[in-house]
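There are 4 protein chains.
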Amino acid sequence: MGRFSSTSAIALLAAGLAFGAQPGPAVAENNPVDEKWWPSEFGAEDQAGATNYITPEKRLEAVQLVKQGKVATLGMQYHNRLPLFPGRTFALSIPGGGGPTHNLPWKGDNFRQTFMDELVTAEIGQAGTQFDSLAHPMIKVTGAKDLEDGNYFYNGHRLEDIGSPRGLSKLGPENVGSFFTRGILIDVAAQKGVDSLEKGYVITMDDFNAALEAQGIEDVKQGDVVLIRTGWNNLWRDNLEKSQDDVSADNAEFNSGEPGVAPEVCDHLAESKASMLGMDNWGIEPYDFAVEPPSDIESWGYCHANLVTRRGIYLMENMDLKQISDDQAYEFLFAWAPLKLVGATGSPGNPIAAY
Amino acid sequence: MGRFSSTSAIALLAAGLAFGAQPGPAVAENNPVDEKWWPSEFGAEDQAGATNYITPEKRLEAVQLVKQGKVATLGMQYHNRLPLFPGRTFALSIPGGGGPTHNLPWKGDNFRQTFMDELVTAEIGQAGTQFDSLAHPMIKVTGAKDLEDGNYFYNGHRLEDIGSPRGLSKLGPENVGSFFTRGILIDVAAQKGVDSLEKGYVITMDDFNAALEAQGIEDVKQGDVVLIRTGWNNLWRDNLEKSQDDVSADNAEFNSGEPGVAPEVCDHLAESKASMLGMDNWGIEPYDFAVEPPSDIESWGYCHANLVTRRGIYLMENMDLKQISDDQAYEFLFAWAPLKLVGATGSPGNPIAAY
Amino acid sequence: MGRFSSTSAIALLAAGLAFGAQPGPAVAENNPVDEKWWPSEFGAEDQAGATNYITPEKRLEAVQLVKQGKVATLGMQYHNRLPLFPGRTFALSIPGGGGPTHNLPWKGDNFRQTFMDELVTAEIGQAGTQFDSLAHPMIKVTGAKDLEDGNYFYNGHRLEDIGSPRGLSKLGPENVGSFFTRGILIDVAAQKGVDSLEKGYVITMDDFNAALEAQGIEDVKQGDVVLIRTGWNNLWRDNLEKSQDDVSADNAEFNSGEPGVAPEVCDHLAESKASMLGMDNWGIEPYDFAVEPPSDIESWGYCHANLVTRRGIYLMENMDLKQISDDQAYEFLFAWAPLKLVGATGSPGNPIAAY
Amino acid sequence: MGRFSSTSAIALLAAGLAFGAQPGPAVAENNPVDEKWWPSEFGAEDQAGATNYITPEKRLEAVQLVKQGKVATLGMQYHNRLPLFPGRTFALSIPGGGGPTHNLPWKGDNFRQTFMDELVTAEIGQAGTQFDSLAHPMIKVTGAKDLEDGNYFYNGHRLEDIGSPRGLSKLGPENVGSFFTRGILIDVAAQKGVDSLEKGYVITMDDFNAALEAQGIEDVKQGDVVLIRTGWNNLWRDNLEKSQDDVSADNAEFNSGEPGVAPEVCDHLAESKASMLGMDNWGIEPYDFAVEPPSDIESWGYCHANLVTRRGIYLMENMDLKQISDDQAYEFLFAWAPLKLVGATGSPGNPIAAY
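Protein chains in written order, with my numbering: chain D, 1 to 355; chain H, 1001 to 1355; chain E, 2001 to 2355; chain A, 3001 to 3355.
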């Protein structure tokens, strides 16, 4: 893909260049290379992953968090000026050919109904605010002792077995169910007193705990959706209003890296049995593509592998966490279900936080 | 568009043939031809429409409806076998070229991360489960006394003024906000004891009231989302599992007409200040394209014009109402927000009913 | 892909079901399973294939065939009513949003330039009139003695090596060059006195030679483009003018099989060093999907494998051969070059025959 | 479209800002504002335009120009790194989902056929090497004395009459026929001794005649295809091989303006009854978007209006004229026909020059 990639820095990532880094101890203990695949705690047939953590009791507790009757919508705007991961497309058009898209004969000649449609071509589950289904990240295993070669999704499903040109045969978002549960905001940017954390900044458990304490809320509980705010999406929040030069520069900066979470934070979420981690950056983990060799190679893809692929805990990227930050809404009912895009790798979304 | 339409019966509708029907009295009193445009009750600048009816108090009442901790997701599955309105496309592919869509260099040579994406080309806001934004239906006015010619959307916006090839400049779903409110199910199919109402069946206020009474719930209140079940979507609920011949026949039958609601039902929703009407058919109003001249011409497009265009009350089509019918969940918290597709004409969706 | 296929009969083919047929002798001698890959006669680095047969001398001879100054264009019309192979899309829209796609400020207020564009989503190299590049058909080899497992394209390139999600890294139509050479028409339908050969009809060398003789032209020479007419495309030639019901029925019939050429005809073209075989059916070889087990299994894919994959001799499908048949133009200058779609698997086209 | 445009300089053009320039005399005499629409010399029903100039005799003369048996293909490469006019898309993907796009059951278990397809979403007739059909440029007329308001295409067809969301009902490239005729190269860049003319450079009749003289060929004759080389496409000829930063910078420079032809050159081609003007820039006329107010406003869109819209003389942009320049091939057979994309506004292409 490298030769078609459209942003130079992130292209390193997209091109799949190996850096020769050795697995450190934290990774080694999760390393599947010498063992059987990590089985899902929800059973060999499970395709729903961590939404299994959300019980009726959990839902009844979550609605108690709605105290003011306020809501925030947590999706960013989708449009043709979105920053996109290299190689992806987002193209919205309005078919018309000079007039309405279609017409309804109605009530005589001078009073008719007409309609507009839109046509979108996009990696719709992997553009802008995006939910990664269990069919998105894989761990590629070659030469393992007891594991057949292949690209492994959650629960031992291999691309070689479930891949299909018009939608994967398993693990698509149609299997997820819903997130109707306690949501919490970990507002690291606010706790640090900055508009945005810096590119490459690694959010540690110390940061996580400092925010928890400052906010006065309880730690992650089973089934929670955990939202961590970096401020990084500020770079494109307003790009519909900007000049093209500004948009180009901001999108390039946005794609050139990001602040993100340390492996230990994802380990904490896994141990706490969170159902989802959502952030306001493009890819969860910290990156700074200008630094080579990357100092943060241990964190690359760590949460994708250890949350999604191994445990079925979901990720949601490019969320809009500004309003709940402004409202200091740290605990809320999180209500959302992905589109039932059969065999897709993700879903766009606009979740509701109610508080 | 007629010559490209892909289903013969519904093509009459798509082709925009005039039938010469005269406006009857119920329509005449809403007829804008001889008067000024119907101004929005939410002000001349409003682009949000009937979500304005949903107040903080309303939201706090709505969460009280969650009693069992159960949820249902109300979206149908999206895939390449969807029945589509003539001329529309839904094409999901998995780019790969024989392998993963992209790769992440990670942890040495025999342990890497790989990823799949999906690529969708679709009238994404007007395919399958679809929410009509205020930028979808228009009333075309020509030769009116005090009204400039044009295709009028909600609140007097004309296509001629806000049309744009890459997204309309006003009224897109990014302006809607959210539906976090009381939802009610009017289960007409269950009340009639049928799997599905017949094509062309007109749901009257008598039907509506009979269902209300049988279900033992209160009538529509301001800000409610009202879901009316016909059973018509049963024709494609299972079409991923069917042979192609069965899918083709069922989709053709699905598109050949539908049961729907009488004008008086939409008038009732308008008077009650509902925020949305959702149904499990493709287009809200009743049609039977085999009957010519159509006996139901008075109802064609009535709700689109009188709810969406004139009052900003939203419509949602092709919803999946089976589970809430099975669960006899007649009152619930309805939680959903459309995708912020800037300048689009609608949004796909998978709303949550919690009860 | 089977569960998304859109035409029942051809779905057998698309679904990739194995029929357990054994290789017969004609195939066995070409069978790569027990031997090294068939090397290209044009060298190990070659990506151009049989256009190498077309020399400057050949071109100078070919222009001598233009005697009347007449031309025919050999492409069918592309539009949203095309018959498509299961799973493929052809969707043309005109973005406008109610007006022109874009504008040019020009010459004051009452005299401006405006423009329309079209937006197409399609397997553009594999829809309607289509040229198969060397990156389209593969032979999948597993368990061969001296050959690594994989999907093999022309000249030993494997999908596993040159696959890429945004265009294959070798063998795309940008490498083909051009066809400016002698073209001949083998008008089997005319020689048989029928509008169209029947579905499943197998064109033999006897048929081929009978047509040659009746037409009074010389046999295939090195570098020639050979066009064989079956009449099968008559089923969709006029479908822009037809009712939707007729289009649906005709497209289904078109996809349910086709007349095509016997292996011996393709062997003859290979020995004669033709540069391309073009036909007016969808897939070159004969099929009748209603017959099971298929009587013609030996011919399935034979020409794709033995012409394209093994020898780099090109195929072009869904050509419009009606005018040259009507004109009895059996020998002509064939002038055409595929679009330089980098890394694509084919190209649309509208070749010129000049005579 | 302005708010979605993706290149700042060219956005002025795309946004349709008026500059208040007054029509000068050369334009005024062509100005349709006060007169009837310019009727086609080929009759009121004509949709083919200037290919009518190409007679059988012309074709027979043209083949005499093939003397060496050499060919050049005149299309640039199409890929995801193309420079695009603001708002347009070119996205090629290879559907596979981890393996081949589809399979053919064949010859037992260890010897099967498999296939790859490509999926393209693009303004396919208006991206890269592009032929403008008569359905692309319009003159918008408002308030003219004897002419109804509207966007006028060739031969008096208005967008308001022939517009349609899935393809215009007239003037698409399916009506063009073919260009099999004398082609001439006017190599202005070579005559000036430069790799590329400068942005905004206006090619005059003096330049045109100087090149003709230097090249020793006869002037334009009826039916000729005239190709004028500027060198401007050098900016993206090699961008598949470049780093992303270089591609971005070069594409931005490419879109920021171009050398082009003066109105007098287009007048000369019109008088000479050429069938097509092809160039190696993106838009025929000269632009330099950094100069404001533009000094060349008289030339903006002049050829589009006066060749295509008024006379049906075609334009082809982004052609690759390097090889014929290198070969000093100034006279040749030009052989090409656009794709029969019904109702489209243009066509991609890869014409052949044979000499």
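Where a beta carbon is used, it is the ideal one built from N, C-alpha and C, also for glycine.
At least one beta carbon of chain D lies nearer than 8 Å to the beta carbon of N1080 (chain H).
Membership of D3326 (chain A) in the alpha helix (DSSP H) is indicated by the continuous run 3322 to 3326. Taken atom to atom, the span from the alpha-carbon of E123 (chain D) to that of Q130 (chain D) is near 10 Å. A check of alpha carbon separations from F3254 (chain A) across A:S3275, A:V3202, A:S3196 identifies A:S3196 as the nearest. When secondary structure is reduced to three states using DSSP, T3121 (chain A) falls in the strand class. Under the Cβ criterion of 8 Å, A3091 (chain A) is counted among the residues facing chain D.
Between V1066 (chain H) and L1315 (chain H), the C-beta spacing is not below 8 Å. By alpha-carbon distance to Q2328 (chain E), the top candidate from E:A2127, E:E2174, E:I2184 is E:I2184. In the three-state reduction of the DSSP assignment, N3151 (chain A) falls in the strand class, which pools E and B.
Taking a C-beta cut-off of 8 Å against chain A, the contacting residues of the stretch 1110 to 1123 of chain H are M1116, L1119, T1121, listed in chain order.
G3278 (chain A) carries a strand assignment under DSSP once its states are collapsed to helix, strand and coil. In the DSSP assignment, Q2244 (chain E) falls within the alpha helix (DSSP H) that extends over 2244 to 2255. The alpha-carbon separation between A2335 (chain E) and M138 (chain D) amounts to approximately 47 Å. In this chain, the beta strand (DSSP E) harbouring V225 (chain D) covers 225 to 229. Annotation for N1234 (chain H): the continuous alpha helix (DSSP H) segment containing it runs 1234 to 1237. For A62 (chain D), the enclosing alpha helix (DSSP H) has its first and last residue at 56 to 63.
Secondary structure at H2268 (chain E): helix, using DSSP grouped into helix, strand and coil. For L2147 (chain E), no Cβ of chain H is located within less than 8 Å of the residue's own Cβ. Chain D places a beta carbon closer than 8 Å to that of E1057 (chain H), counting this residue as a contact. Here DSSP, grouped into helix, strand and coil, assigns A189 (chain D) to helix. In the assembly as shown, K199 (chain D) is a buried residue. Its beta-carbon has 16 or more other beta-carbons within 10 Å.
Between the stretch 3154 to 3172 of chain A and the stretch 2083 to 2096 of chain E there are three or more C-beta pairs closer than 8 Å, enough to call the two in contact.
Put simply, the CB of P1137 (chain H) is far from chain E, with every gap to its CB atoms at 8 Å or more. Secondary structure of A44 (chain D) (DSSP, three-state): coil. Straight-line measurement puts the Cα of H3136 (chain A) at about 17 Å from the Cα of S1164 (chain H). Your pair F3180 (chain A) and A2072 (chain E) does not check out as a contact, with CB atoms roughly 10 Å apart and the cut at 8 Å. At a cut-off of 8 Å, the C-beta of M1076 (chain H) has a neighbouring C-beta in chain D. Listed along chain D are G98, G99, each with a C-beta nearer than 9 Å to that of E3160 (chain A). In this structure L3277 (chain A) is in contact with L3307 (chain A), their Cβ atoms being roughly 6 Å apart against a cut-off of 8 Å. In terms of Cβ geometry, T1055 (chain H) and F1153 (chain H) do not form a close pair [threshold 8 Å].
DSSP places S3347 (chain A) within a strand segment (E or B) once states are collapsed to three. Each residue's CA atom was taken as its position, placing F1042 (chain H) and L1134 (chain H) some 14 Å apart. Of E:V2291, E:A2211, E:P2173, E:G2216, the smallest CA-CA separation from R2229 (chain E) is found for E:A2211. Taking G2150 (chain E) as the centre and dropping the five residues before and after it, the same chain places the C-beta of R2158, E2160 closer than 6 Å to its C-beta, in chain order. Look at the stretch 1178 to 1189 of chain H: it has no residue with a C-beta under 8 Å from a C-beta of chain A. If you look at I352 (chain D), you'll find it in the beta strand (DSSP E) that goes 352 to 354.
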